[in-house]
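What follows is one structure encoded as structure tokens, with my remarks underneath.
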Amino acid sequence: MDIEVDEKIHMPKINNSIISSVFGKMKVSFVMLLILVVGIYVAIFLILNNVDTNNSIGSSYIVLILEILLWLILIYVVHINIKKYNDDNLDYQVKMENLFNTKISELTVNANTNKADENKDITECVNDVVDGNKEVFHIASNEFTFNEARDICEKYNSRLANYDEIENAYKKGANWCSYGWSKDTLALFPTQKSLYNELKQIPGHENDCGRPGINGGYFKNKELKFGVNCYGIKPKAKKKDIDYTHALNHTPRLTEAENVSKNFESKYIIAPFNKDKWTEKQVSHLPSV
């Protein structure tokens, strides 16, 4: 007779649905341990019965109750182990100390959940990669209320940038001379000192972009209309965005650049990170039209 052995549980494959449902997911070591424990139970009860042969009827009842109680405990423990058995996450070591002396018994269990830790590490790694690609980007259209700005960021799978994120972008070279709604009803924009110095050389435009650093602040009126500062993965530059950047870089008057933006088909114009780079992490120059 040919017998097939399951490679995972190391037991013969059987067609009996009842037996399979009980022992199908167990390993041989678990079954052998169960048989050993039952054998020890039987030996203990035989010894107790032999010792109690010449004792009173009352003692016999006590032994009987003790036997029933121990059997119930064993059945309950086996039931719990079968019900909770999970081969994918069963890796543990148990050590019982001080069982047969005057000290309090100590049970030490060292569990190893390698698969759970591995999955957690993979998830954290993916999140780190995604977060590493996020940055502050500015939508340069002064036509959004605070609530509209929040909705616009969601359309780009992002959120409103907070002050710290905008300040961090400024330290990396961010520059756009346009207010943008930000978190906590702030309207902010970063100005680099290089642009500030350039504007000082243009009569009448010395103060167009404020001072070097983070300009703006808190605005109580949420109905005021500004651009938007979002935090997320910046979209790739489209032709209209590049044209807008070209206008910013080739005219001394920022108001003219704003007029150019009004002629674009889309009203959502995304500003470059600064006049040389589209994104914060871009090394090369701005993409060409």
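When you line the sequence shown up against UniProt numbering, it's residues 1 to 289, in that order.
Glycine residues also receive a C-beta, built at the ideal position from the N, C-alpha and C atoms.
Counted within 10 angstroms of its Cβ, other Cβ atoms place residue i as buried (16 or more) or exposed
i	result
S158	buried
N223	The question names Asn, but residue 223 is Glu in the sequence shown. Under this definition E223 is an exposed residue.
K277	buried
A257	In this predicted model, A257 has a pLDDT of only 45, less than 50, meaning its place in the structure is not dependable; the value taken from the coordinates is given anyway. With 16 or more other Cβ atoms within 10 Å, it is buried.
I68	exposed
Y268	buried
Cβ separation of residue i and residue j, assumed to be a contact under 8 Å, to the nearest whole Å
i	j	result
F226	G180	6 Å
N274	A174	6 Å
V78	L46	Not a contact, Cβ separation roughly 21 Å.
Beta-carbon proximity list for residue i, same chain, < 8 Å, skipping 5 on both sides
i	result
L160	A149, R150, C153, W181, S182, K183, V228, N229, C230, Y231
I73	none
Y163	S182, K183, D184, L186, L188, I214
W71	Y41
residue 324	Because the chain here runs from 1 to 289, residue 324 falls outside it and cannot be looked at.
G204	none
V37	L74
Sub-8 Å separation of residue i and residue j beta-carbons
i	j	result
E206	L195	no
A271	S178	yes
Y156	P235	yes
E165	E280	no
G216	T191	no
Residues of its chain near residue i, where Cβ-Cβ distance is below 6 Å and the 5 sequence neighbours each way are ignored
i	result
N133	I233
N142	K225, F226, G227
K172	E280
P212	T191, K193, Y196
Cβ shell of residue i (< 7 Å), same chain only, five flanking positions each side left out
i	result
residue 353	Any property of residue 353 remains undetermined from this structure, which presents the chain solely from 1 to 289.
8 Å Cβ cutoff, residue i in contact with chain B
i	result
Y218	Chain labels in this structure do not include chain B; a single protein chain is all it has.
Report task. Would you mind listing the alpha helix (DSSP H) stretches within the region 191-250 that are 4+ residues and don't spill past its ends, in chain order? Result -> 193-200, 239-249
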